[in-house]
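Top to bottom, those sequences are chains A and B.
Quick note, the numbering used here runs 77 ahead of the 1-based positions in the first sequence.
Quick note, the numbering used here runs 1 ahead of the 1-based positions in the second sequence.
For every residue, glycine included, the Cβ atom is placed at its ideal position computed from N, Cα and C.
Written out below as structure tokens is the structure these notes cover.
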Amino acid sequence: MEAVIKTEHLTKKFGTFVACSDLTFEVQKGEIFGFLGANGAGKTTAMRMLCGLSLPSSGQATIAGFDVYKQTEQIKKNIGYMSQKFSLYEDLTVAENIRFYAGIYGLSIRDIKDKTAELLDKLGMQAEAKKLVGQLPLGWKQKLAFSVSLAHSPKIVFLDEPTGGVDPVTRRQFWDLIYYAADAGVTVFVTTHYMDEAEYCNRVSIMVDGVIEALDSPKNLKQQYEAKTMEDVFYKLARKAKRAEI
Amino acid sequence: MRSLYFLLEKEFKQMFRSKGLLRTLFIAPVIQLILMPMAANYSVKNISLAIVDHDHSSVSQKLISKVTASGHFQLVAYCNNNNEALELIEHDKADLILEIPNKFEQNLVRENVQKLNVQINAIEGVKAGLGGGYLASIIGDFNTEARIRTVQPAHIQQGAAISIMPVNWYNQFLNYYLFIVPGILVNLITGIGIMQAAFNLVKEKEIGTIEQINVTPIKKQYFILGKLLPFYALSIIIFTVGLLVSYVFYNVFPVGSFGTMYVSLFAYLFALLGFGLLLSTYSETQQQTMSLAFFFLNVLNMMSGLFTSIDSMPQWAKVVTGCFPVSHFIQTMRMIMLKGSTLSDVSFHLWAMVGIGIVFNGWAVLNYRKRS
Chain A
78 MEAVIKTEHL TKKFGTFVAC SDLTFEVQKG EIFGFLGANG AGKTTAMRML
128 CGLSLPSSGQ ATIAGFDVYK QTEQIKKNIG YMSQKFSLYE DLTVAENIRF
178 YAGIYGLSIR DIKDKTAELL DKLGMQAEAK KLVGQLPLGW KQKLAFSVSL
228 AHSPKIVFLD EPTGGVDPVT RRQFWDLIYY AADAGVTVFV TTHYMDEAEY
278 CNRVSIMVDG VIEALDSPKN LKQQYEAKTM EDVFYKLARK AKRAEI
Chain B
2 MRSLYFLLEK EFKQMFRSKG LLRTLFIAPV IQLILMPMAA NYSVKNISLA
52 IVDHDHSSVS QKLISKVTAS GHFQLVAYCN NNNEALELIE HDKADLILEI
102 PNKFEQNLVR ENVQKLNVQI NAIEGVKAGL GGGYLASIIG DFNTEARIRT
152 VQPAHIQQGA AISIMPVNWY NQFLNYYLFI VPGILVNLIT GIGIMQAAFN
202 LVKEKEIGTI EQINVTPIKK QYFILGKLLP FYALSIIIFT VGLLVSYVFY
252 NVFPVGSFGT MYVSLFAYLF ALLGFGLLLS TYSETQQQTM SLAFFFLNVL
302 NMMSGLFTSI DSMPQWAKVV TGCFPVSHFI QTMRMIMLKG STLSDVSFHL
352 WAMVGIGIVF NGWAVLNYRK RS
């Protein structure tokens, strides 16, 4: 197995506040890696450092073999990102959004066409291709955003609470898309608050107050903490949190 | 470079899709350009005049008819005494009182000396100054004529005064519109340019799409160029519409060449849009941008030389004005419009605008970070 995300003692401080402390972990190629933690535990900050959006205060990290300090532009070519905030253009149509993002990642006009057809087909959204994204229901938007983040065939995709506010059926469909991507060799790094989703991950880390408290497969974690579900594991760990929400 | 193409495509699609905004951007400046020059007018016409005539002679009648015939004044009252006239000033019904003393004609003829009393309501400085000035010059004329009629012909030679024959270069008839219309057009372009350039980027910050852009490998200079170019196009079109409106409504047509004018416009937009962009890199929300832009627009417009002469500003104000592109472009526009100045005549302002543009744009690119 090859590690596509590698961090060593990765730390981010905002003034005296330590948002992420001493994060050390590895994520393997094709893995679905769940990144759990209560609100304010430091998940988003960690993810932003890995995507090259935020400069670490100390520690090391490489993404797809590239250094997060010096090679952020190479990292960006190899990753997809879907932020907590919905970030497609609501005043552009579905097809225009795909075209735009595929275009700035450097796909040729021909590839863009093929990719658009493929994505719409996979999502079953051919009929909506010319609809403004703003008119779509939230679940569809999220599935679209995920697909757009994969349009340039990245090695790793980072998903920051991709299913927040989405109904259970659509969430299920969303996870089908995640599995589909992972099967194709894409590494999926995902944060979530839904513990049923945590069960779907190959491995899960749980962050408490900026520190990774536990990291293992859901099965092993449940054994280790003598819990029936991931929800129980999460309660046992997250209860220790002292930090208020940021 | 390819990414720039896709960015521009997206920006133009979004621009044409917001029909309401596009309409406002075109119609609002046209309406303003039509109305504002008529309203923002320096030549004072309707000065309310109250007259107190204690003399009731033929000479005093002549003076009064000469004053009222000038077209600057409106006779609002004919008062019996000064108190009555002062009351009119207090109630804001009169701006000026002309008091003609008793035995005005008699003293003028016999003693060759006579004093008139003029009182001015000076709350509105410009109006008072101009009104007093008009009245003084009319009385001066009247005085010369009166001397010719009353004094012996032999004395005329002695009393001959210096007569002034002013020639108004570049604006022979002191057509106020030639001066104000290009200025107002520049002001409108300034407002639209700064606001649109600043808001566009901040809007992406607010709705969160900037985050998605920042994780793409797009180079920030292309991203910024993609943001600015559509507004170059938009501003040039609005400017052209403005020129057309100026010609149709005010018959303002440049003496100089359109080539020079558009080259200057390009230099100006480079500086102006760079400034708008700079503001956007310093704000996180549209509200913040609004406050910043409002502050700067006020300063820029007030100090741009649109209404007041830059030459009479204190030294520090001249330096501040020179650091912003607006005053340079207003001066350039007036030079081209009225004098027919060529590129080499306006080269100082041109280079100043380019220089300011390099500073603003460079600063904005440095300050825009894909990573925090």
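| Query | Result |
| --- | --- |
| Spatial neighbours of residue 120 of chain A in its chain, beta-carbon cut-off 8 Å, leaving aside the 5 residues before and after | 112, 113, 114, 237, 268, 284 |
| Residue 310 of chain A - containing alpha helix (DSSP H), residue span | 307–315 |
| Reduced DSSP secondary structure (H/G/I, E/B, other) of residue 138 of chain A | strand |
| Cutoff 8 Å: residue 225 of chain B Cβ touching any chain A Cβ | no |
| Residue 76 of chain B in three-state terms, based on DSSP | strand |
| Residue-level contact to chain E via CB, residue 7 of chain B, 8 Å cutoff | Absent from the structure is chain E; the protein chains it does hold are A and B. |
| Continuous beta strand (DSSP E) stretch holding residue 158 of chain A: start and end | 156–159 |
| Terminal residues of the beta strand (DSSP E) in which residue 118 of chain B lies | 118–121 |
| Alpha-carbon spacing of residue 52 of chain B relative to residue 135 of chain B, whole angstroms | 15 Å |
| Residue 168 of chain A: contacting residues in chain B (beta-carbon distance under 9 Å) | 14, 15, 18, 19 |
| Beta-carbon proximity of residue 353 of chain B to residue 278 of chain B, cut-off 8 Å | no |
| Contact set for residue 343 of chain B: own chain, Cβ-Cβ below 8 Å, skip 5 residues either direction | 257, 258, 261 |
| Inter-residue Cα distance where the pair is residue 322 of chain A and residue 207 of chain B | In this predicted model, residue 322 of chain A has a pLDDT of only 49, less than 50, meaning its place in the structure is not dependable enough to derive any value. |
| Span of the beta strand (DSSP E), counted from its first residue to its last, around residue 97 of chain A | 94–105 |
| CB contact below 8 Å: residue 24 of chain B versus chain A | no |
| Alpha helix (DSSP H) runs wholly inside the segment 224–311 of chain B, at least 4 long, in chain order | 259–282, 287–303 |
| Residues of the segment 202–221 of chain B whose Cβ lies closer than 7 Å to any Cβ of chain A, in chain order | 209, 210, 212, 213, 215, 216, 217, 218, 219 |
| Residue 373 of chain B at chain A interface by Cβ criterion, 8 Å | yes |
| 9 Å Cβ cut-off: residues of chain B touching residue 236 of chain A | Near residue 236 of chain A there are no residues of chain B at all, since even the closest Cβ is about 12 Å away, more than 9 Å. |
| C-alpha gap between residue 323 of chain B and residue 357 of chain B, whole angstroms | 9 Å |
| For residue 220 of chain A and residue 201 of chain A, the rounded distance between their alpha carbons | 11 Å |
| Minimum Cβ-Cβ distance from residue 281 of chain B to chain A less than 8 Å | no |
| Contact under 8 Å by Cβ, residue 59 of chain B with residue 106 of chain B | yes |
| Nearest neighbour of residue 45 of chain B, chosen from B/131, B/200, B/30 [CA to CA] | B/131 |
| Inter-residue Cα distance where the pair is residue 251 of chain A and residue 228 of chain A | 16 Å |
| Close Cβ partners of residue 217 of chain A (< 6 Å) along its chain, the five nearest in sequence each way excluded | none |
| Where residue 273 of chain A sits in the DSSP three-state scheme | helix |
| 4-residue-minimum alpha helix (DSSP H) runs that sit fully inside the segment 238–290 of chain A, ordered along the chain | 245–260, 272–277 |
| Close beta carbons around residue 165 of chain A, own chain, < 6 Å, minus the five adjacent residues each side | 174, 210, 222 |
| Where residue 128 of chain A meets chain B, residues with beta-carbon distance less than 7 Å | 216 |
| Integer Cβ distance of residue 182 of chain B from residue 251 of chain B, believed to fall under 8 Å | 5 Å |
| Interface flag, residue 384 of chain B vs chain A, CB-CB below 8 Å | This structure does not reach residue 384 of chain B, given that chain B is present from 2 up to 373, and the question cannot be answered. |
| Own chain, CB closer than 6 Å to residue 196 of chain B, minus 5 neighbours either side, in chain order | 294 |
| Residues from the segment 302–322 of chain B in contact with chain A, defined by Cβ distance under 9 Å | none |
| Residue environment, residue 345 of chain B, which counts as buried when at least 16 other CB atoms sit within 10 Å | exposed |
| C-beta atoms of residue 95 of chain A and residue 84 of chain A nearer than 8 Å | no |
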